[in-house]
Amino acid sequence: MSQNVIIKIENVKKFYPKSKALNGVSVSMNEGEEYLIRGSSGSGKSTLLYLLGGLERPTEGKVIVNQKNLGELNDEELALYRNRYVGFVFQFHFLLSSMNCMDNILLPSRLGGLESSEVKKRALVLADHLQVSHCLEKFPFELSGGEQQRINIIRALSLKPHLLLCDEPTGNLDSENSKKVIQLLRLLAREFNSTLVVVTHDPLIAQSFPNQFVMKDGVLLTQ
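Counting in the working numbering, the sequence shown runs from 123 upward without gaps.
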């Protein structure tokens, strides 16, 4: 595995009008490695993930990904960063009900003006690998929760992201499917050499991760 530092967070604070979500977080993460951040609801772990994904900006401090200070990017540059650099897997799949699953998968590449034929080939391979080829022409509401999440994973990986960010990816799944989804995320992140960051409150899925942190009251602690 590469030991290149891809993420560097320096004394990051994030304040909201009625709360202090992050209170001086500093951490580095290496390219192609797997990280898990565990903590209770409201501890600040999801906020940290949103900062890494360019969905939020820090109140203070620096969020540097691949030598880019995300806080210095304008809205257009952040949108480009999210589209071409980051794959998101959330607890809720956010698949558009008006589109079939293949169109949902291809949507990020189309919005980014990228070649959809290559993305479609990759999606077909991933769908076969994840055993959801039969779902591609169906609409999201026709799928089970586990199938929806696997389609969500394919969409997140469709552009071969450098950074795969997962916010409670097993929150709506039973324990058996939760284990399968985590195994798939780790396997696919390795295949794509993506840096994987998973946020969860579930201690059971944390057992096999080599790099673990605990978020408590806006402070990141090494496990």
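Cβ coordinates follow ideal geometry from the N, Cα and C atoms, glycine included.
{"query": "Inter-residue Cα distance where the pair is V319 and D339", "result": "19 Å"}
{"query": "Through-space distance from R272 to L252, alpha-carbon basis", "result": "7 Å"}
{"query": "Cβ neighbour criterion (16 or more within 10 Å) applied to Q329", "result": "exposed"}
{"query": "Close-in-space but distant-in-sequence residues of the same chain around K242 (CB under 7 Å, 5 per side omitted)", "result": "L228"}
{"query": "Environment of D296 [buried if 16+ CB atoms lie within 10 Å]", "result": "exposed"}
{"query": "Residue nearest to L287 in terms of C-alpha spacing, selected from N299, G234, G209 and H323", "result": "G209"}
{"query": "Status (buried if at least 16 other CB within 10 Å, exposed otherwise) for M123", "result": "Confidence at M123 is low in this model, with a pLDDT of 44, below 50, so the placement of that residue is unreliable and no value is reported for it."}
{"query": "Cutoff 7 Å; reference G293; Cβ partners in own chain excluding five residues on either side", "result": "Q213"}
{"query": "Straight-line Cα distance separating L144 from S165", "result": "8 Å"}
{"query": "For S330, the three-state DSSP class (helix, strand or coil)", "result": "coil"}
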